[in-house]
Ligand code: NI
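In my numbering, the protein residues as written are 1 to 146.
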């Protein structure tokens, strides 16, 4: 089978729990509360995030796979889950010392990290924050900076 022209994506789902506080020094205390509501609570709150990633690549003729799931899992574990799971996004993830840890920004930060996966091309990151909201990021040609 000629598979150079085929576009196949591999999707994988991960879960992590983390806490955050939505707050920005760019706004006053009152404005922070008005914008973020109870998510501005000084002590933060937690979410059970569901992270879905999609990667694409050529199918290896020998294995029939785009990438080995064990390689992908190890990479996600090392570059995202170890630092995020059961941590405070504000305090424990350097990127959120300056940027507000909304799920929009979380998508961009996770995309930036997983883009370095050497065995396939990262197409998309999708994060479900609650049963009612999810966010998706597919990268930018201008770079993926918060
Ligand atoms: Ni929240």
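No residue lacks a Cβ here, since even glycine has one placed at the ideal position from N, Cα and C.
Can you name the residues that DSSP bridges to residue i?
| i | result |
| --- | --- |
| residue 11 | 54 |
| residue 72 | According to DSSP, which records beta bridges pairwise, residue 72 is partnered with nothing at all. |
| residue 124 | 54 |
| residue 136 | 126 |
| residue 48 | 17 |
Please classify residue i as buried or exposed, where buried requires at least 16 other C-beta atoms within 10 Å of its C-beta.
| i | result |
| --- | --- |
| residue 109 | buried |
| residue 34 | exposed |
Considering only the beta carbon of each residue, do residue i and residue j sit closer than 8 Å?
| i | j | result |
| --- | --- | --- |
| residue 79 | residue 114 | yes |
| residue 117 | residue 69 | no |
| residue 76 | residue 123 | no |
Compute the beta-carbon to beta-carbon distance between residue i and residue j, rounded to the nearest angstrom, for a pair I have assumed lies under 8 Å.
| i | j | result |
| --- | --- | --- |
| residue 21 | residue 44 | 4 Å |
| residue 84 | residue 16 | 5 Å |
Determine the extent of the alpha helix (DSSP H) in which residue i is found, giving its start and end residues.
| i | result |
| --- | --- |
| residue 104 | 103-114 |
| residue 81 | Segment: none, residue 81 is in no alpha helix (DSSP H) and carries neither H nor E. |
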